[in-house]
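Have a look at the structure below, then the notes.
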Amino acid sequence: KNGTIHHKVVGEHGASRVLMAPAKPGDGIIAGGPMRAVFEVMGVTDIVCKSLGSSNPYNMVRATLDALKNISTPAEIAAKRGLTVEEILG
42 KNGTIHHKVV
52 GEHGASRVLM
62 APAKPGDGII
72 AGGPMRAVFE
82 VMGVTDIVCK
92 SLGSSNPYNM
102 VRATLDALKN
112 ISTPAEIAAK
122 RGLTVEEILG
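Here the sequence shown is numbered in our numbering, starting from 42 and rising by one per residue.
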């Protein structure tokens, strides 16, 4: 939605960890090398990322993909909490 993610998420692979957070429209892709390339290919326009641990580019890409797998949709969160999607999104 709006070119960003819904919530903060962390991904790990080997000694690399990646922290992703949603960004306001117009902020752009604030991420280092390999992560930036992944987001540009995906069409994500606004996101803030921080790499922690190893800066090996292969592990950073795999950690980025792991974090993207860990993202929950508003529908999944609503189902877990027993609420409607409208109540979750406000």
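Using N, Cα and C, we set each Cβ at its ideal position, and we do this for glycine too. This one's a predicted model, so the numbers in the text were calculated from it and none came from an experiment.
Taking residue i as the reference, give the member of the options with the closest Cα.
| i | options | result |
| --- | --- | --- |
| A116 | G131, H48, V126 and N97 | V126 |
| A56 | S95, A119, T114 and R122 | S95 |
| N97 | E128, V82 and P75 | P75 |
| I46 | A119, K121 and A108 | A108 |
| S92 | A119, G73, I129 and A120 | G73 |
Give the straight-line distance between the Cα atoms of residue i and residue j, rounded to the nearest whole angstrom.
| i | j | result |
| --- | --- | --- |
| V59 | V79 | 13 Å |
| Y99 | G131 | 38 Å |
| C90 | S113 | 17 Å |
| N111 | G67 | 25 Å |
| A64 | I70 | 9 Å |
| T86 | G123 | 31 Å |
| I88 | I129 | 21 Å |
Return the bridge partner residues of residue i from the DSSP annotation.
| i | result |
| --- | --- |
| L93 | R58 |
Look at the Cβ atom of residue i, then the Cβ atom of residue j, and state whether they are nearer than 8 Å.
| i | j | result |
| --- | --- | --- |
| G44 | T105 | no |
| H48 | R103 | no |
For residue i and chain D, any beta-carbon pair shorter than 8 Å?
| i | result |
| --- | --- |
| K49 | Here chain D cannot be found, since the structure has a single protein chain. |
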